[in-house]
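Residue numbering for the sequence shown follows the numbering used here, beginning at 3 and increasing consecutively.
Each residue gets a CB set at the ideal place from its N, CA and C atoms; glycine is no exception.
Keep in mind it's a predicted model, so treat the numbers as computed, not measured.
What follows is a short report on a single structure.
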Amino acid sequence: MFSKFILGICLLTMSLRSYSQGAQNIIIVTMDGMRWQEVFGGADTALLHDKRFASKDSA
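Printed below as a string of structure tokens:
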């Protein structure tokens with residue numbers, strides 16, 4: 003019981019500390035031509051099922 007209490011206090015402290023630090027920016031550099039829309043929103047289904055763009059398996 004005491005260990006769960008200590009764990010809860012630690013998690014609460016870490017969450018409050020991370021909230022007060024603010025956001026950090028990240029930069030993603032891709033070399034394969036991936037679009038930023040695909041990174042944050044997933045693959046476009048119109049392009050995924052179009053035979054002109056998905057003619058063969060890439061794996």
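Would you mind reading off the limits of the alpha helix (DSSP H) that contains residue 39?
-> 38-43
In three-state DSSP terms, what is residue 53?
-> coil
Taking DSSP as the reference, what is the three-state secondary structure of residue 11?
-> helix
Could you check how far apart the C-beta atoms of residue 49 and residue 42 are, in whole angstroms? I think they sit under 8 angstroms.
-> Wrong, their Cβ atoms sit about 16 angstroms apart, outside the cutoff.
Using three-state DSSP, classify residue 16 as helix, strand or coil.
-> helix
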